[in-house]
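Taking my numbering, I'd label the letters of the sequence shown as residues 59 to 147.
Idealized CB from N, CA, C, for every residue including glycine.
Taking it in order: structure first as structure tokens, then the write-up.
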Amino acid sequence: MVKKGLLVLLAMVLVGCTYQGEKLSSYFENPRSIIKDPHFTNYKAKRDALESQYLQKEISYADYSEGMDALDESYAKEVQERDAKISYK
Numbered sequence: 059m060v061k062k063g064l065l066v067l068l069a070m071v072l073v074g075c076t077y078q079g080e081k082l083s084s085y086f087e088n089p090r091s092i093i094k095d096p097h098f099t100n101y102k103a104k105r106d107a108l109e110s111q112y113l114q115k116e117i118s119y120a121d122y123s124e125g126m127d128a129l130d131e132s133y134a135k136e137v138q139e140r141d142a143k144i145s146y147k
């Protein structure tokens with residue numbers, strides 16, 4: 059049974075299987091890329107978009123600051139809710 063599992067794994071590696079559109083070899087080079095926090099990824103994307111708008115002078119500093127504060131508060135709330143679910147408090 060173990061030999062069959064290893065054989066299947068070896069075949070998948072040799073064929074170059076992909077996971078979520080990335081080659082399996084990229085996970086061997088950077089194993090941390092498998093584990094991603096969807097809350098942080100969403101927060102980071104929104105934060106980067108807001109920062110880009112400010113740097114391209116599409117929004118004022120006041121709007122940028124207000125948007126960043128709202129994003130930070132929203133992310134902090136999501137993290138607290140997630141931590142509460144995990145710790146069963």
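Does the beta-carbon distance from residue i to residue j come in below 7 Å?
| i | j | result |
| --- | --- | --- |
| tyrosine 112 | tyrosine 122 | yes |
| lysine 104 | leucine 129 | yes |
Going by DSSP, what residue range makes up the alpha helix (DSSP H) through residue i?
| i | result |
| --- | --- |
| methionine 126 | 119 to 145 |
| glutamate 109 | 96 to 113 |
Within 10 angstroms of its Cβ, does residue i collect 16 or more other Cβ (buried), or is it exposed?
| i | result |
| --- | --- |
| leucine 108 | buried |
Between residue i and residue j, how many whole angstroms is the CB-CB distance? I'm expecting something under 8 Å.
| i | j | result |
| --- | --- | --- |
| glutamate 136 | histidine 97 | 5 Å |
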